[in-house]
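2 protein chains.
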Amino acid sequence: MATNTKDRILDSAELLFAQQGIASTSLRAITDHADVNLASVNYHFQSKDALVQAVLNRRLNPINQKRMELLHALLHRPDGVPPTVEEILEAFYRPVTEEAIKTRREGRPIVALIGRMYTEPGELLASQIRAMMSQVAAGYLDALSIALPGIPPPILFWRLQFSVGVLAHTFGAMHLIEGLARGRVNVNDSEDVLRQMIAFAAGGLRSPVQ
Amino acid sequence: MATNTKDRILDSAELLFAQQGIASTSLRAITDHADVNLASVNYHFQSKDALVQAVLNRRLNPINQKRMELLHALLHRPDGVPPTVEEILEAFYRPVTEEAIKTRREGRPIVALIGRMYTEPGELLASQIRAMMSQVAAGYLDALSIALPGIPPPILFWRLQFSVGVLAHTFGAMHLIEGLARGRVNVNDSEDVLRQMIAFAAGGLRSPVQ
DNA sequence: GTCTATAGGGTGATAGAC
DNA sequence: GTCTATCACCCTATAGAC
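Protein sequences appear in the order of chains Z and E. Read left to right, the first sequence gives residues 0 to 209 (numbering that gives the first Met the number 0). Read left to right, the second sequence gives residues 0 to 209 (numbering that gives the first Met the number 0).
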């Protein structure tokens, strides 16, 4: 556990948001779990909304930065070879998947929060997600249009959104998928999950346009 | 608007759950919107949890029944021709998509609730979804294993979940997708959305297994 | 920076009259 | 079946002492 109050609040908020959802997690539950005073949340952050924003930024900004770095590296290789669809998808999926492994190892299953954020209601949240994702989405759309010159842009736009859906649902509904699997697959084998997601989305992106 | 109290409560609850989420919709907001008395919610239903369950059952049971009918018709055609992957996907996607069109025409954009339910937190909700979906998932998994004999069962299981993710994200994050699209696609053209989802998921399901 | 105390309001659920 | 009134509790946010 972190030693300073601000980080303790962020850690506890993140965990409880992931377990119970944002709306049904009270500031009291957060400060109790973090073992800090209730008023400290309003001192370090100004409101619950601002706390939500800080929790998401802390986790997603590094992920999105990593995504952009990986994409840039793919597009500017010394040998000039253009990236494959699979390589682009891996650059998009891997940073989240690695965060999932790392946080689960630390006993902090926060992936559900990342998977759920696209669909959590609330206009403030939606505009924040839009702001964080629009640049990333534009970059990946450009890269995919190079790797898949035969797919018309509007169709490629849809298929990128569907690829995001594959990721969001896999992490957001992991507990449900685990229940339906009845041991047929190991949802904790993150490298396998990553491989399955990439193969599926690559097939979807390449699907013939009728 | 319905004339009897019970249906008025269900209608209002469904709409507000879709707009604001389940946790942040109070019984008072529901009864105010439905223009009925607060106590009537505890008379007709016993608790907020039971109301949530009733709202989801009313909308999802017909959808899942239709899915099973369509699947059964595909598997028992007079000519005995086995269904294609696209036909199986259409049987799964179309009942939800048609409900989306119908309810939007009635000014009741409740698709977001259907798209979101897989990832809304809460053990009670999760067990209900699992109960409703396990039979449907099993039926579609069987059908897909006939249409795609070359795909090993565990991989097919993952790919069915990814296909659910495509649907759930498209409807659950439609407002976000619309914002990112900036006019490049028309999210209200439901037949086009359906066609795009089917083409993507079919490509994903057929993707080569390495 | 951190605490206590509290303002001011919302919450689900129920008892009991009609 | 429908109402009013109310219980017992939870909520976010802040004022003001230390």
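Glycine included, every Cβ here is placed at the ideal spot set by N, Cα and C.
From the beta-carbon of I154 (chain E), the residues of chain Z found nearer than 7 Å are Q195. Judged by DSSP in its simplified three-state form, I197 (chain Z) adopts helix.
When rounded, the separation of the alpha-carbon atoms in D48 (chain E) and I176 (chain E) is 30 Å. Against R7 (chain E), chain Z offers no close residue; the least beta-carbon distance is about 22 Å (beta-carbon pairs closer than 8 Å). By the neighbour-count criterion, in which a residue is buried when 16 or more other Cβ atoms sit within 10 angstroms of its Cβ, A167 (chain E) is buried.
Residue state for V186 (chain Z) is assigned as coil, using DSSP reduced to three classes. A distance below 8 Å separates the beta carbons of P82 (chain Z) and A146 (chain Z). With respect to Y117 (chain E), A99 (chain Z) sits apart: the two C-beta atoms are not nearer than 8 Å. Neighbours of L175 (chain E) in chain Z, taken as residues whose beta carbon is under 7 Å from its own, are Y117, A125, I128, R129 in chain order. Contact annotation, V95 (chain Z) with I62 (chain Z): C-beta distance approximately 6 Å; criterion of less than 8 Å satisfied. Listed along chain E, the residues sitting closer than 8 Å to T169 (chain Z) by beta-carbon distance are Q160, F161, G164. Closer than 8 Å to the CB of L179 (chain Z) there is at least one CB belonging to chain E. For T96 (chain E), the enclosing alpha helix (DSSP H) has its first and last residue at 84 to 104. Following the DSSP letters along the chain, one finds V135 (chain Z) inside the alpha helix (DSSP H) bounded by residues 122 to 146. The beta-carbon of G114 (chain E) is placed less than 8 Å from the nearest beta-carbon of chain Z.
Pairing S206 (chain Z) with A198 (chain E) gives a Cβ-Cβ distance under 8 Å. Under the Cβ criterion (8 Å, minimum of three pairs), the stretch 112 to 126 of chain E counts as touching the stretch 7 to 22 of chain E.
Buried is the label assigned to Q160 (chain Z), since at least 16 other Cβ atoms lie within 10 Å of its Cβ.
Rounded to the nearest whole angstrom, the CA to CA distance from R27 (chain E) to T30 (chain Z) is 28 Å. Shown here for F170 (chain Z): same chain residues with a beta carbon closer than 8 Å to its own, the five before and five after excluded, namely V95, A99, V110, A111, I113, G114 in chain order. Boundaries of the alpha helix (DSSP H) harbouring G114 (chain E): 110 to 115, taken from the DSSP string. Under the 8 Å criterion on CB atoms, M132 (chain E) is classed as interfacial with respect to chain Z. Taking a C-beta distance under 8 Å as the contact criterion, L14 (chain Z) and R107 (chain Z) qualify as a contact pair. The beta carbons of E85 (chain Z) and A201 (chain Z) sit closer together than 8 Å. Only buried fits D10 (chain Z), as 16 or more other CB atoms lie within 10 angstroms of its CB. At a Cβ-Cβ threshold of 8 Å, V54 (chain Z) and T4 (chain Z) do not count as neighbours.
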